[in-house]
Amino acid sequence: MPDLEYLAFMTKVLIHGRCHVSIQLTIVVMIQSLFREVGDFGILIRSGFSIPKALLFNFLSALVALAGTALALLWGKDPGQSSLIEGFTAGGFIYIAIAGVLAEMNNNGKTTFRSTAIQIISLTMGMAVALGISLIE
1 MPDLEYLAFM
11 TKVLIHGRCH
21 VSIQLTIVVM
31 IQSLFREVGD
41 FGILIRSGFS
51 IPKALLFNFL
61 SALVALAGTA
71 LALLWGKDPG
81 QSSLIEGFTA
91 GGFIYIAIAG
101 VLAEMNNNGK
111 TTFRSTAIQI
121 ISLTMGMAVA
131 LGISLIE
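Mapping the sequence shown onto my numbering, position 38 (from 1) lands on 38, and the numbers just tick up by one.
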């Protein structure tokens, strides 16, 4: 789950590193974070963790977000860092989507052209939504 810690870390850096965070972006990130935490918990349970152990490890991995917040507060005073942070975060999201999610979806041994097409279309739509949100702001 290091990819998820990276995602949590960079989300905090991205949010706190920007000077003009909109209310809409804040709400979207809060909703996304809720679904991510539920998903993380489900992955841990599916991997064989007991419920208390899954809660503990999910909490420990969420602590990485505090490091992201601290780093963002340090970097946030320099306006030139915003573009660097956003680019680094976007690269991490794309890596997680391609290397993590698609690889896991293809591990079931029943890969067909249809399932591959659905995965690629879903990935493209997700990237389009992210682009749309960035253009609206």
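Glycine included, each C-beta is placed from N, C-alpha and C at the ideal position.
Because the structure is a prediction, the values reported are computed rather than measured.
Item, Value
"Alpha-carbon spacing of T116 relative to W75, whole angstroms", "40 Å"
"Reduced DSSP secondary structure (H/G/I, E/B, other) of D40", "helix"
"Where the alpha helix (DSSP H) through T112 begins and ends", "Neither: T112 is in no alpha helix (DSSP H) and is coded neither H nor E."
"Minimum C-alpha distance to A146 - residue among L56, L55, I94", "One cannot answer for residue 146 here, as it falls past the ends of the chain, which runs 1 to 137."
"Delimiting residues of the alpha helix (DSSP H) encompassing A72", "64 to 75"
"S33 in three-state terms, based on DSSP", "helix"
"Whether G126 touches A103 by CB criterion (8 Å)", "no"
"Per-residue burial, D78 [other beta carbons within 10 Å of its own, 16 or more giving buried]", "exposed"
"Cα-Cα separation, E137 to T89", "17 Å"
"Meets three-Cβ-pair contact criterion under 8 Å: the stretch 29 to 44 and the stretch 54 to 74", "yes"
"Own chain residues within Cβ distance below 8 Å of E37, not counting five before or after", "N58, A62"
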